[in-house]
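Here the structure is laid out as structure tokens; the discussion comes afterwards.
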Amino acid sequence: MASGKEDEIRQRAHQIWEREGRPDGMDKDHWTRAERELSGEIPADAPKQAGARKAAAGTVAKKANGAKPAARRPAAAPK
14 MASGKEDEIR QRAHQIWERE GRPDGMDKDH WTRAERELSG EIPADAPKQA GARKAAAGTV
74 AKKANGAKPA ARRPAAAPK
């Protein structure tokens, strides 16, 4: 049976997971952040702020990668 502390960490980790859009494979990271938040080592909104910065950076990267290609040169006129 899980202790009350483990239940609290599990609930907080679940909240972090949902807040980040339910990504796969991040369970250990979410658990660690939940422990740190609950211990007072990091503020509860710190991961949210970091996530917002990452999301903003991703948006910029997506725009750069999804930019329209440079104008193509017109095809050479047939001879």
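Residue 14 is where the sequence shown starts when you use the numbering used here, and the numbers rise one by one after that. Idealized CB from N, CA, C, for every residue including glycine.
Spatial neighbours of residue 57 in its own chain (CB-CB distance under 7 Å, excluding positions within 5 residues in sequence) are listed in chain order as 50. A Cβ-Cβ contact shorter than 8 Å links residue 22 with residue 48. Annotation for residue 25: 47, 50, 51 place their beta carbon closer than 7 Å to its own, counting only its chain and skipping 5 residues before and after. Going by DSSP, residue 17 is part of the alpha helix (DSSP H) stretching over 17–32.
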